[in-house]
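Before any comments, here is the structure.
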Amino acid sequence: MAAQTVLQKLEILADAAKYDASCASSGTAKKNSLGGKGIGSTEGMGICHAYAPDGRCISLLKILLTNHCIFDCHYCVNRKSSNVARARFSPQEVVDLTLAFYRRNYIEGLFLSSGIVKSSNHTMEQIVEVARILREEHDFRGYIHLKTIPEADPEIVHQAGLYADRVSINVELPTDSGLTRLAPDKDARQIEGAMGKVKADLVEAKDARKRFKHAPRFAPAGQSTQMIVGADAATDADIVGKASRLYDNFRLRRVYYSAFSPIPDASAVLPLKRPPLIREHRLYQSDWLMRFYGYKPTDVMQATEADGNLPLDIDPKLAWALKFREAFPVDVNRASKEQLLRVPGLGVKAVSKILASRRHRALRLDDVARLTQSITKVRPFICAVDWRPITLTDRADLRSLLAPKAEQLELFAA
Ligand code: SF4
Numbered sequence: 003m004a005a006q007t008v009l010q011k012l013e014i015l016a017d018a019a020k021y022d023a024s025c026a027s028s029g030t031a032k033k034n035s036l037g038g039k040g041i042g043s044t045e046g047m048g049i050c051h052a053y054a055p056d057g058r059c060i061s062l063l064k065i066l067l068t069n070h071c072i073f074d075c076h077y078c079v080n081r082k083s084s085n086v087a088r089a090r091f092s093p094q095e096v097v098d099l100t101l102a103f104y105r106r107n108y109i110e111g112l113f114l115s116s117g118i119v120k121s122s123n124h125t126m127e128q129i130v131e132v133a134r135i136l137r138e139e140h141d142f143r144g145y146i147h148l149k150t151i152p153e154a155d156p157e158i159v160h161q162a163g164l165y166a167d168r169v170s171i172n173v174e175l176p177t178d179s180g181l182t183r184l185a186p187d188k189d190a191r192q193i194e195g196a197m198g199k200v201k202a203d204l205v206e207a208k209d210a211r212k213r214f215k216h217a218p219r220f221a222p223a224g225q226s227t228q229m230i231v232g233a234d235a236a237t238d239a240d241i242v243g244k245a246s247r248l249y250d251n252f253r254l255r256r257v258y259y260s261a262f263s264p265i266p267d268a269s270a271v272l273p274l275k276r277p278p279l280i281r282e283h284r285l286y287q288s289d290w291l292m293r294f295y296g297y298k299p300t301d302v303m304q305a306t307e308a309d310g311n312l313p314l315d316i317d318p319k320l321a322w323a324l325k326f327r328e329a330f331p332v333d334v335n336r337a338s339k340e341q342l343l344r345v346p347g348l349g350v351k352a353v354s355k356i357l358a359s360r361r362h363r364a365l366r367l368d369d370v371a372r373l374t375q376s377i378t379k380v381r382p383f384i385c386a387v388d389w390r391p392i393t394l395t396d397r398a399d400l401r402s403l404l405a406p407k408a409e410q411l412e413l414f415a416a
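If you're matching positions, the sequence shown starts at 3 in my numbering and goes up one per residue.
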């Protein structure tokens, strides 16, 4: 068989990397400038967008070192029993591609993951070698996110953290039983053990840098993980519980959710249909509530329905408010920040502005309306100088009044 060109390998290995959500893509409309038509393609092979620790959106070259794998995780297109085209880069090839893309201003960094070849240690060494060459031989200062392998020697994973801005280890599935069934080569305790070691390294490096200005940095953008949603029977309550334990135990920067999508040559043990994408979105919203709005995991779990899943037609904050109507209405002129953050339709910025404005004058409904996108959603849950909802929160049909209207599908939409 003829040797594959770098472009052919890039085609296979960028496509194989697209199932990893832990470098989140932006939702821009895709434009293609291939073939010399215009400039500024947003769908170059392997280019994704992620947010840097300072909040900037950056473009990353997102590829696998190889999609060969000795493991057989049922949900993965690269599992050893999958009948897909295979390719493998050498570390130097990944370095050359990264530098070439970087110099052309296509990317600001690299997201590198890999199937497991020969052994976990061998693969992890190759991943680290890419980062080492970039940093040490080319003084590469771009962003590097390395996916690490929990079964690899912790010392090699430590090396990865010395070169990378962020490291991540996928927990893969929300429950141990799901992991045992769908990823028989993986071990939940080993995965969490590896995350615990990375956390210890992060803490140690931070302490060392407080004491010595030139102590080595270790993954300054922290560690993250990814969970697949909808491949097993785990409910949203299970997923939220797992995510919260991970945040608490391993000081994760982010838990990413990836709605299971049927893959080519899928294993027979997987569901035939993907879960609705809106489920992934609701989980991200609940994650947001726990990180920025002071909700506890139990609050989010209380917002779930009888089947343990979050409602799909309304967001989790509204779902919680409708279940706990006795907590409303809250007076925008007197309520605490925590109470205001529970009001559906009031975001963190709107709450800060309310707190700042009410120092100078008593707020009316119109004042609040100017700070929100939809006063209709907020109105039943607040009081202002000239507004009191009286019986609105008691209405049995409040949910249907506030749920976004279902969009009419366009028959001829592209
Ligand atoms: S170890 Fe990773 S690449 Fe290999 S089959 Fe499992 S999920 Fe896929």
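Virtual Cβ for every residue (Gly too), placed ideally from N, Cα, C.
Given the structure is predicted, the values throughout are model-derived calculations rather than measurements.
Count Cβ pairs between the stretch 265–280 and the stretch 295–306 that sit closer than 8 Å; are there 3 or more?
no
Closest residue to HIS283 among GLU139, PHE252 and VAL242 (Cα-Cα distance):
VAL242
Suppose you measure from the CA of SER260 to the CA of GLU194; what does that come to, to the nearest Å?
19 Å
Between the stretch 158–170 and the stretch 185–193, can you find at least three pairs of beta-carbon atoms closer than 8 Å?
no
Considering only residues of the same chain and omitting the five flanking positions on each side of PRO176, which have a CB-CB separation below 7 Å?
MET229, ALA236, ASP240, ILE241 and LYS244
GLN161: which of SER359, LEU66, GLU138 and GLU174 sits nearest, CA to CA?
GLU138
Measuring only the C-alpha atoms, how far is LEU66 from VAL231?
22 Å
Here's the rule: buried if 16 or more other CB atoms are within 10 angstroms of the residue's CB, otherwise exposed. What is ASN80?
buried
In the structure shown, what three-state DSSP assignment does LYS244 receive?
helix
Kindly identify the DSSP beta-bridge partner or partners of TRP389.
ALA386
Beta carbon of ILE118: closer than 7 Å to some heavy atom of the ligand SF4?
yes
Would you tell me roughly how many angstroms separate the C-alpha atoms of VAL370 and LEU312, rounded to the nearest one?
28 Å
DSSP on ASP74, reduced to helix/strand/coil?
coil
CYS78 beta carbon near the ligand SF4 (any heavy atom closer than 7 Å)
yes
Exposure of LYS379, with buried meaning 16 or more beta-carbon neighbours within 10 Å
buried
Relative to the C-alpha of HIS70, which residue among ARG90, LEU272 and SER61 is closest?
ARG90
Is it right to say LEU279 is buried, meaning 16 or more other beta carbons lie within 10 angstroms of its own, or is it exposed?
exposed
Would you check if the distance between the CB atom of LEU272 and the CB atom of SER226 is smaller than 8 Å?
no
From ALA87 to PHE262, what does the alpha carbon distance come to, in whole angstroms?
21 Å
Any heavy atom of the ligand SF4 inside 7 Å of the beta-carbon of PHE91?
no
Report yes if the C-beta of ARG390 is less than 7 Å from at least one heavy atom of the ligand SF4; otherwise report no.
no
Per-residue DSSP class, three states only, for GLU174
strand
Any non-hydrogen atom of the ligand SF4 closer than 7 Å to PHE73 Cβ
yes
Could you check whether ILE146 and ALA133 sit closer than 8 Å to each other, using their CB atoms as the reference points?
yes
Am I right that LEU114 and LEU148 are in contact with their C-beta atoms under 8 Å? What's the rounded C-beta distance?
6 Å
ALA223 CB to nearest heavy atom of the ligand SF4 below 7 Å
no
Kindly indicate which residue of VAL387, PRO152, HIS124 and THR125 has the alpha-carbon position closest to the one of VAL200.
PRO152
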